[in-house]
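Residue numbers for the sequence shown follow the numbering used here, beginning at 4 and rising by one.
Positions of the beta carbon are idealized from the N, C-alpha and C atoms, including for glycine.
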Amino acid sequence: MAPEDGLVDTDLGGGHTNDILLSLSALELANSAAAISKLPGDLLWRIFLVNTNMEDDEKKPDGRNRTASENDPDYLKFHALTATRWSSQVCRLWRHLILASSSLWGKVIDLDILTECHDNWRKEVTRRSGGAALWIKGTVNGQSPVSLAFFVQLLNEHWSRTRVIRVLVESGEYIPAETWDILKRPARDLEVFHLKLRLRIRNTLASCPSFRPMQ
């Protein structure tokens, strides 16, 4: 479905752009007296706000926690960013409410999706967040130059409005040195900072023959 503002939303990488499973289609909303079509805009906005909670991204539709051993190629369908994007494509009213609210987009900076999708969609989501506070969550592949560069760029350009960071950087051997300089800057809006590094450290002890491990 092409966005009404003329921007083509880039596929999130799973190939499911046309497989949008929504309980109410735009046609149903226009031709029915469904209760949801009668809700006032402020209440609809509250519902959209609830859907931006990325803390629920790790849960299955039945409420159970998803485990790392579960190989579910479609799990990104249930992430907050995906729900927000799909909701913005239901009808003109929903699209107007969602695109007009930069705070909704600021709450769904999902690195699991954005580091794997087309650059156009990364830029579009960032643009839609306007100057709102950012919630940044997900995993950065340290072996992927694109993934790592996007994360560092995000911090560099938007650190001052970042409110929440829950990020795992894994598989690489380092993160750019400039990252530490960025993290030293003032961040008045920052409330939660959880940056976990799971990197492969090269063995340099061979050049330290006098080194003795602590007992």
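Contact between D192 and R164 holds, with the beta-carbon distance rounding to 6 Å and staying under 8 Å. Taking all protein chains in view, the Cβ of N56 is surrounded by fewer than 16 other Cβ atoms within 10 Å, so the residue is classified as exposed. In the three-state DSSP reduction, D113 falls in the strand class (E or B).
With respect to the 7 Å criterion, L200 and V172 are classified as neighbours on the basis of their beta carbons.
In the structure shown, N54 falls within a coil segment according to DSSP collapsed to helix, strand and coil. According to DSSP, R169 shares a beta bridge with K140 and H197. Counting only the Cα atoms, A83 lies some 9 Å from K110. Taking a C-beta distance under 7 Å as the contact criterion, S90 and W108 do not qualify as a contact pair. Spatial neighbours of G141 in its own chain (CB-CB distance under 6 Å, excluding positions within 5 residues in sequence) are listed in chain order as D113, L114 and D115. No residue range can be given for L42, since it is assigned to no alpha helix (DSSP H) and is classified by DSSP as neither H nor E. F154 is classed as buried because its beta carbon has at least 16 other beta carbons within 10 Å across all chains shown. Taking the CA atoms as reference points, R88 sits about 12 Å from C94. For P179, the secondary structure class from DSSP, reduced to helix, strand or coil, is coil. If you compare the alpha carbons of L157, S174, P43 and L202 with that of L186, the shortest gap goes to L157.
Taking C-beta atoms as the reference points, N159 and S150 fail to come closer than 7 Å. Looking from the CA of T129, the closest CA among H197, W162, S147 and P148 belongs to W162.
Membership of W89 in the alpha helix (DSSP H) is indicated by the continuous run A83 to S90. Under the DSSP assignment, S150 falls in the alpha helix (DSSP H) whose first and last residues are P148 to H161. Linking R49 to D59 through their CA atoms gives a straight-line distance of about 16 Å. Counting C-beta atoms within 10 angstroms of its own C-beta, V53 has fewer than 16 neighbours from the protein chains shown and is therefore classed as exposed. Going by beta carbons, G134 and L100 fall outside the 7 Å limit. C-alpha of A103 to C-alpha of E176: approximately 41 Å in a straight line.
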